[in-house]
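> There's a structure below that I have some questions on.
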DNA sequence: TCCTTATTTCGATGTCTGTCGATACCTGTC
DNA sequence: GACAGGTATCGACAGACATCGAAATAAGGA
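Protein chains in written order, with our numbering: chain A, 3 to 123; chain B, 3 to 123.
See below:
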């Protein structure tokens, strides 16, 4: 974390293609790609966020309303803060439907992370 | 070093079974599992660490000497610090061979992370 | 032994992050 | 329009973290 330039990640949409990255065994990451992927891993580097993400991913259809997942032992503002981080990293998308807000996993982004970790030759 | 009460995190060996975790779609993570996995994601959540990891993983044989990978734009003590974090998270193992220290990726641990992110039903 | 090179550890310092309560915003209902 | 419930933002604070230079440790060679 070299400076405090607020990078302001572009919020990825599920429909976006995620070109990054080939399996990590295929060659070393460029600094730019490393920055991009590190931001995604960082989003999952907190136990509360990982549990929120897991609750959404394991819900039928890969989506859930905040009211269904908010019980993770922290306050409501904190839940909202963590969901925002996951959204900014591109791992989740959100949609308001009437009173409730639904969060969905962004399959292509998650798949890019999984692909990066594929160690097969 | 290991004279007396050094905390001595259990550095995972490649041979260790990593029971954690089924695909994240299969059900929500327990708080304990979330803690465990979050620590691994955290290790990869820094661009410098990701580049170091990438350099090692993409080296022939999945191993590299520190001298081969230290050129990532930060001071040498900082490189050492990051490698230690990766080792503590179980993602790398290290071995001294004469003058140089060689780092290897721990395939089973990386595979556990990739498996967690598998969104297929 | 002493010297050189490779790597890790230590201590200081500034920055980032998770958490909270208070409050604002959005939407459906009365 | 006013109200109520669900969700997001703000402001503040404690603890954790990244980074560096300096010093320590380890191994090999003169």
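Here a beta-carbon is modelled for each residue, glycine too, at the ideal position from N, C-alpha and C.
Kindly identify the DSSP beta-bridge partner or partners of residue 66 of chain B.
As a position in the second chain, residue 66 of chain B is number 64, starting the count at 1. Answer is B:105, bridged to residue 66 of chain B.
> Using beta-carbon positions only, say whether residue 56 of chain B and residue 47 of chain A come within less than 8 Å of one another.
As a working note, residue 56 of chain B is residue 54 in the second chain. As a working note, residue 47 of chain A is residue 45 in the first chain. No. Outside cutoff.
> Looking at chain B, is there any beta carbon in it that lies within less than 8 Å of the beta carbon of residue 72 of chain A?
Numbered from 1 along the first chain, position 70 holds the residue referred to as residue 72 of chain A. So, not an interface residue.
> I'd like to confirm something about residue 28 of chain A: is its beta-carbon nearer than 7 Å to some heavy atom of the ligand NAP, or not?
Questions concerning the ligand NAP fall outside what the structure shown contains, since it holds no ligand whatsoever.
> Unbroken alpha helix (DSSP H) runs of length 4 or more, entirely within the segment 81-105 of chain A: which are they?
none
> Examine chain B for any beta-carbon lying closer than 8 Å to the beta-carbon of residue 57 of chain A, and answer yes or no.
Translated into the one-based positions of the first chain, residue 57 of chain A becomes position 55. At least one CB atom of chain B sits nearer than 8 Å to the CB of residue 57 of chain A.
> If you draw a straight line from the alpha carbon of residue 110 of chain A to that of residue 102 of chain B, how long is it in whole angstroms?
Here residue 110 of chain A refers to the residue found at position 108 when the first chain is read from its first residue. Here residue 102 of chain B refers to the residue found at position 100 when the second chain is read from its first residue. Looking at the backbone, the Cα of residue 110 of chain A and that of residue 102 of chain B are separated by about 40 Å.
> Please report how far the alpha carbon of residue 51 of chain A lies from the alpha carbon of residue 83 of chain B, in whole angstroms.
For the purposes of this step, residue 51 of chain A is identified with residue 49 of the first chain, where counting begins at 1. For the purposes of this step, residue 83 of chain B is identified with residue 81 of the second chain, where counting begins at 1. Roughly 26 Å separates the two Cα atoms.
> Distance cutoff 8 Å, beta carbons only. Does residue 96 of chain A sit that close to anything in chain B?
Your numbering for residue 96 of chain A matches position 94 in the first chain. No, no contact with chain B.
> State the Cα-Cα distance for the pair residue 116 of chain A and residue 113 of chain B, rounded to the nearest angstrom.
Within the first chain, the letter at position 114 stands for residue 116 of chain A. Within the second chain, the letter at position 111 stands for residue 113 of chain B. A straight line joining the alpha-carbon of residue 116 of chain A with that of residue 113 of chain B spans about 9 Å.
> Taking 8 Å as the CB-CB cut-off, is residue 53 of chain A touching chain B?
For this step, residue 53 of chain A is matched to residue 51 along the first chain. Yes, its Cβ sits closer than 8 Å to a Cβ of chain B.
> For residue 97 of chain A, count neighbouring Cβ atoms within 10 angstroms of its own Cβ and tell me buried if that reaches 16, exposed if not.
Here residue 97 of chain A refers to the residue found at position 95 of the first chain. By the Cβ neighbour-count rule, residue 97 of chain A is exposed, with fewer than 16 other Cβ atoms within 10 Å of its own.
> Just the C-alpha distance for residue 60 of chain B and residue 39 of chain A, rounded to the nearest angstrom, thanks.
Counting from one through the second chain, the residue named residue 60 of chain B turns up at place 58. Counting from one through the first chain, the residue named residue 39 of chain A turns up at place 37. Each residue's Cα considered, the two are about 16 Å apart.
> Quick check: residue 105 of chain B and residue 94 of chain B, are their CB atoms within less than 8 Å of each other?
Indexing the second chain from 1 puts residue 105 of chain B at position 103. Indexing the second chain from 1 puts residue 94 of chain B at position 92. Yes, these two residues count as a Cβ contact at 8 Å.
> With a threshold of 8 Å between beta carbons, is residue 44 of chain A in contact with chain B?
The residue labelled residue 44 of chain A in the question sits at position 42 within the first chain. By this cut-off, residue 44 of chain A is an interface position.
> Measuring only the C-alpha atoms, how far is residue 78 of chain B from residue 26 of chain B?
Position 76 of the second chain, counting from 1, holds the residue named residue 78 of chain B. Position 24 of the second chain, counting from 1, holds the residue named residue 26 of chain B. For residue 78 of chain B and residue 26 of chain B, the distance between alpha carbons rounds to 37 Å.
> Quick check: the Cα distance between residue 1 of chain B and residue 100 of chain A, rounded to an integer number of angstroms?
The question about residue 1 of chain B has no answer, for chain B in this structure spans 3 to 123.
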